[in-house]
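Q: Taken in order, these protein sequences are the chains called L and E.
One rule links them: number in this note's numbering = place in the first sequence (from 1) + 1.
One rule links them: number in this note's numbering = place in the second sequence (from 1) + 1.
Built from N, CA and C at the ideal position, the CB exists for glycine as well.
Only a predicted model underlies this, so the values are computations on that prediction, with no experimental measurement involved.
Protein chains: 2
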Amino acid sequence: MPAGTATPRRKYEEILLLRYLAGLGADRSPAVLSSREVGVHLGVSQQAADRYLLALARDGFLERSLGGRKQSLTLKASGLDLLRREYHDLRRLFEGPARLRFTGSVVSGLGEGRYYLAQPGYTVQFAERLGYTPYPGTLNIQPGPPDLLRVSAVKDWKGLRIDGFSAAGRTFGGATCHAARLGGRPGHLITPDRTHHTDVVEFIAPEYLRERLSLKDGDPVDVELEES
Amino acid sequence: MPAGTATPRRKYEEILLLRYLAGLGADRSPAVLSSREVGVHLGVSQQAADRYLLALARDGFLERSLGGRKQSLTLKASGLDLLRREYHDLRRLFEGPARLRFTGSVVSGLGEGRYYLAQPGYTVQFAERLGYTPYPGTLNIQPGPPDLLRVSAVKDWKGLRIDGFSAAGRTFGGATCHAARLGGRPGHLITPDRTHHTDVVEFIAPEYLRERLSLKDGDPVDVELEES
DNA sequence: ATTACTAGGTATCGAGTAC
DNA sequence: TGTACTCGATACCTAGTAA
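Okay, here's the thing in structure tokens:
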């Protein structure tokens with residue numbers, strides 16, 4: 002299951018346009034460009050450039066405001082994500098699997114992890130794909146502010162899929178796992194598809210790490226992970 | 002003058018195909034794939050996949066041998082270069098301008114540098130684009146073997162163009178310059194479009210560096226450069 | 001000046017099929 | 001099995017032009 006071929010693929014010109022906008026810093030402040038200028042840059046007509054802009058805006062990759070003489074173009078998060086995925090794919094080719102090491106502090110979750118991880122629909126998949134049944138509880142780690150951006154890039158890495166399912170009249174979402182070590186102990190970073198928090202990552206392991214490593218809230222921990 | 006829009010642009014599917022092959026290590030050993038398998042991976046028909054292979058082979062990006070049952074596909078240097086350029090463009094977006102620092106040893110050239118650098122067709126461009134008229138001679142540096150690969154990546158960096166011209170009944174080729182420091186002294190790495198050697202880089206500077214730094218053949222020197 | 005529609009020509013696709 | 005041609009359908013481009 003190759004990543005990146007599932008979605009109904011964008012046109013190359015559209016990707017080049019997103020790249021161009023990103024290069025102009027349109028993810029931070031709007032780029033003011035006419036469709037003609039875009040066309041010249043891409044080597045296509047004003048009309049074609051306009052169609053690309055229309056399509057990208059329709060699909061939520063950029064935002065346009067046609068207020069004044071020219072339009073203001075702003076790259077949205079999903080547009081930048083698309084480029085980041087492209088970057089990551091190519092980076093892998095030339096630099097090999099990504100590695101990451103960061104320090105974070107232990108924080109308390111809502112205790113939901115215990116309920117979710119105990120679901121048979123999940124545990125059978127864990128046993129099969131991770132090779133163990135995790136202790137029923139996630140250890141939540143808040144990366145230090147300088148690491149947060151790098152940690153968020155992990156979502157683009159290839160990972161082990163845990164599929165969603167339905168049980169007891171409700172649905173349980175899927176997740177992606179990445180092999181990692183926390184304080185030297187092996188386990189996985191787990192990223193639910195529908196994640197609630199953006200500044201915290203969840204770690205699962207075969208053992209009860211809080212006890213094994215004598216961790217309490219606020220304690221610093223080292224996390225290392227390598228792309229599979 | 003945006004780099005990457007001059008060439009008559011490849012189709013995205015063709016680039017994805019090159020990426021796929023690179024991912025299979027087809028730059029080192031042939032990948033054995035039918036056009037149907039390629040088509041499945043790209044989400045297009047066998048016929049379309051075949052057309053892409055045909056076009057890429059025609060343009061020298063890959064080599065096919067149709068000997069046995071399936072074809073053997075080998076990625077050629079220009080195919081990998083194309084991907085490397087894509088990678089570099091995206092890397093710049095997310096990581097900022099590239100930097101490089103390497104150590105090499107001083108080697109003797111053929112003395113041609115003196116003749117070329119003295120051509121008025123070049124000197125006016127140097128003065129205008131580099132901000133100085135270089136001492137008429139290049140200092141040749143041979144990077145240490147471990148650095149050679151990284152140094153060769155510099156050709157993908159954005160740089161200052163020096164255009165070719167005709168004079169005295171012959172033609173002088175263009176070149177690309179990258180701002181750099183050699184042993185702490187400012188100057189430029191200069192890469193002729195039609196370069197003769199592959200393991201040596203040439204450095205130009207406002208002053209006679211051999212004398213200024215008391216360099217003789219075989220001496221080690223530090224070179225630092227940052228993308229403009 | 002813009003953006004963006006319509007019309008008509010071209011390029012590209014997949015199906016069928018020859019080798 | 002393969003690769004790769006021809007052919008008719010369609011997707012996409014540019015030009016012209018409306019707003």
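Which same chain residues, not among the five before or five after residue 36/E, have their C-beta less than 7 Å away from its C-beta?
A: Here the set comprises 47, 50, 51 and 54.
Q: Note down, in chain order, each residue of its chain lying with its Cβ closer than 7 Å to the Cβ of residue 1/E, except the 5 sequence neighbours on either side.
A: Residue 1/E is absent from the structure shown; chain E starts at 2 and stops at 229.
Q: In whole angstroms, give me the CA-to-CA distance for residue 100/L and residue 117/E.
A: Between residue 100/L and residue 117/E, the C-alpha separation is close to 46 Å.
Q: Report the start-end ranges of each beta strand (DSSP E) in the segment 142-173 of chain E that is 3 residues or longer and not cut off at the edges.
A: Taking only runs of at least 3 residues, the beta strand (DSSP E) segments lying wholly in the segment 142-173 of chain E are 161-163, 166-168 and 171-173.
Q: Assuming residue 80/E is part of the alpha helix (DSSP H), what are its boundary residues?
A: Unbroken alpha helix (DSSP H) run through residue 80/E: 78-96.
Q: Give the residues of chain E in contact with residue 176/L, contact being defined as C-beta atoms less than 7 Å apart.
A: Here the premise fails: no neighbours, minimum Cβ distance about 25 Å.
Q: Candidates 21/E, 110/E and 140/E: which alpha carbon is nearest residue 189/E's?
A: Ranking the options by Cα distance to residue 189/E, first place goes to 140/E.
Q: How do the segment 201-209 of chain E and the segment 126-140 of chain E stand: do at least 3 beta-carbon pairs fall below 8 Å, yes or no?
A: At 8 Å Cβ cutoff, the stretches touch.
Q: Does residue 227/E have its Cβ less than 7 Å from a Cβ in chain L?
A: It does not; no Cβ of chain L falls within 7 Å.
Q: Give me the subset of the segment 209-222 of chain L whose CB atoms are less than 9 Å from a CB atom of chain E, sorted by chain position.
A: Result list empty, no residue passes.
Q: State yes or no: is the beta carbon of residue 173/E nearer than 7 Å to at least one beta carbon in chain L?
A: With 7 Å as the cut-off, residue 173/E does not count as an interface residue toward chain L.
Q: Counting C-beta neighbours from all protein chains within 10 Å, is the total for residue 160/E 16 or more, i.e. buried, or is it exposed?
A: Its Cβ being crowded by 16 or more others within 10 Å, residue 160/E is buried.
Q: How far does the alpha helix (DSSP H) with residue 127/L in it extend, from its first residue to its last?
A: Here the alpha helix (DSSP H) through residue 127/L covers 121-130.
Q: Whole angstroms are fine: how far does the CA of residue 93/E sit from the CA of residue 19/L?
A: Rounded to whole angstroms, residue 19/L to residue 93/E spans 14 Å at the Cα level.
Q: Answer yes or no: the CB of residue 144/L versus the heavy atoms of the ligand NAP, is any distance below 6 Å?
A: Within the structure as shown, the ligand NAP is missing, as the structure has no ligands at all.
Q: Considering just the uninterrupted stretch of the beta strand (DSSP E) at residue 100/E, what are its terminal residues?
A: Its beta strand (DSSP E) spans residues 100-108.
Q: When you compare only the Cα positions, how much space is there between residue 29/L and residue 183/E?
A: So the two alpha carbons sit approximately 36 Å from each other.
Q: Just list the residues that DSSP pairs residue 222/E with in beta bridges.
A: In the DSSP output, where bridge partners are listed per residue, residue 222/E has 105/E.
Q: With 7 Å set as the bound, which would you pick, yes or no: does the beta-carbon of residue 19/L sit closer than that to a beta-carbon of chain E?
A: So no, residue 19/L is outside the interface.
Q: Whose Cβ in chain L lies nearer than 8 Å to the Cβ of residue 94/E?
A: Neighbours of residue 94/E on chain L, chain order: 20, 23, 24, 84 and 88.
Q: Taking Cβ positions only, does residue 13/E come closer than 7 Å to chain L?
A: Answer yes: the Cβ-Cβ gap between residue 13/E and chain L drops below 7 Å somewhere.
Q: Less than 7 Å between the beta carbons of residue 73/E and residue 66/E, yes or no?
A: Result yes, Cβ atoms of residue 73/E and residue 66/E sit closer than 7 Å.
Q: By alpha-carbon positions, which one of 22/E, 33/E and 120/E ends up nearest to residue 95/L?
A: For the residues 22/E, 33/E and 120/E, the minimum Cα distance to residue 95/L belongs to 22/E.
Q: Just how far apart, CA to CA, sit residue 6/L and residue 41/E?
A: At residue 6/L the pLDDT is 34, less than 50, meaning the model places this residue with poor confidence and gives no usable figure here.
Q: Go ahead and label residue 125/E buried or exposed: buried means 16 or more other beta carbons lie within 10 angstroms of its beta carbon, across all protein chains shown.
A: By the 10 Å Cβ count, residue 125/E comes out exposed.
Q: Select from the segment 41-63 of chain L all residues with a C-beta closer than 8 Å to any C-beta belonging to chain E, and list them in chain order.
A: Residues passing the 8 Å Cβ filter: 42, 43 and 44.
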